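Encoded as C-alpha cells, the structure appears first; notes follow it.
Below, the structure written as C-alpha cells:
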C-alpha cells in the first residue's frame, strides 16, 4: 500500500515529537564504537561504521537482527547485552547535545507547544541522558522502543498523540533516519529530516519529509512561523 506524504499547516501545530540519537544528541560515534567493540568481544565480523549507522534508530533487538540475521536469537541477545555494557560502562567515546538543541526546545516550550521524545533507545539510556543534560523538563511524555514497537512501526507516535489529544495534522516528527520519517509517514504525521545524524540527505529525501534541514539552528528558523492554534 502506498502511503502519501502528509502536509502541515503552520497554524495547526500542537505536538512536536523528537528522535534522540543523531537528532538532539551527537551520539552516533558512541553507538558505532560500542557495537564494534561488542563484535570484537564476541569474535563476530567487525562491521563498517556505515553498516552500523544504517540501523541506528531501530530498537536494540531489531538492530542486532539487522546486523547479523544469520545468528540465532540467543546470539543476537548476547550481542545486544555486550553492546549495552560498552555503551553504558566501558566506551569512553564522548556524546554531546547538538548545538542549538536546548535553545530550540526552550523556545518551542515557551511558545506553548507540547514536546515529546520517540526513540529506539532503551528506557535506561533515555532516562540517563535526559537527567545528565537537564532536558527532561521540556518533554511531557517519552516513548522507547522496548515499551512499544520499534520504528518504523507508528505505534509509539500514536501513543504520544493519544496522550496529547492531538490529531496527526497537529503534529510534527523530527528525526535523522529513514526509520523516523517512515514511522511518521505511516502515522500520517508530517516529518522533518535533520541531516547531521546517522542517515544522509539522499536517504532522508527518499522518505518524503516536508522539509530537510542541516542542523537545529536551521530547524528553529524553519519553525519560526509556527503558532500554537489547535484545529
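In this note's numbering, the protein residues as written are 388 to 618. Cβ atoms here follow ideal geometry from the backbone N, Cα and C, with glycine treated the same way. The structure displayed is predicted, hence computed values, not measured ones.
- Pairwise C-alpha distance: residue 399 and residue 619: No answer is possible for residue 619: the residues shown for the chain start at 388 and end at 618.
- Alpha carbon to alpha carbon, how far is residue 585 from residue 599? Give it in angstroms, no decimals. 14 angstroms
- Relative to the alpha-carbon of residue 455, which residue among 431, 468, 474 has its alpha-carbon at the smallest distance? 431
- Message: Taking 7 angstroms as the threshold (C-beta atoms), are residue 484 and residue 520 in contact?
- Response: yes
- Unbroken beta strand (DSSP E) runs of length 3 or more, entirely within the stretch 498-545: which are they? 501-506, 528-531
- Task: Could you tell me whether the Cβ atoms of residue 581 and residue 410 are closer together than 7 angstroms?
- Result: yes
- Message: Please report the straight-line C-alpha distance between residue 605 and residue 572, rounded to a whole angstrom.
- Response: 22 angstroms
- Message: Using a Cβ distance threshold of 8 angstroms, determine whether the stretch 553-573 contacts the stretch 531-544, with at least three qualifying pairs required.
- Response: yes
- Item | C-alpha distance - residue 528 paired with residue 436, whole-angstrom precision | 32 angstroms
- Query: Does the Cβ of residue 555 have 16 or more other Cβ atoms within 10 Å, making it buried, or fewer, making it exposed?
  - Reply: buried
- In angstroms with no decimal places, state the Cα-to-Cα distance between residue 451 and residue 564. 17 angstroms
- Neighbourhood of residue 535 by C-beta, 8 angstroms cutoff - its chain only, sequence neighbours within 5 removed: 542, 543, 546
- Task: Quick one: residues in its chain with C-beta nearer than 6 angstroms to the C-beta of residue 602, no 5 flanking neighbours on either side, listed in chain order?
- Result: 583
- Item | Beta-carbon gap between residue 473 and residue 421 smaller than 7 angstroms | yes
- For residue 469, three-class secondary structure by DSSP: helix
- Please classify residue 549: is it buried, with 16 or more other beta-carbons within 10 angstroms of its beta-carbon, or exposed? exposed
- For residue 518, does the count of other Cβ atoms within 10 angstroms reach 16, so buried, or fall short, so exposed? exposed
- Message: Please give me, in chain order, every unbroken run of the beta strand (DSSP E) with length at least 3 that falls completely inside the stretch 559-599.
- Response: 578-581
- Query: So, using beta-carbon positions, are residue 453 and residue 442 closer together than 7 angstroms?
  - Reply: yes
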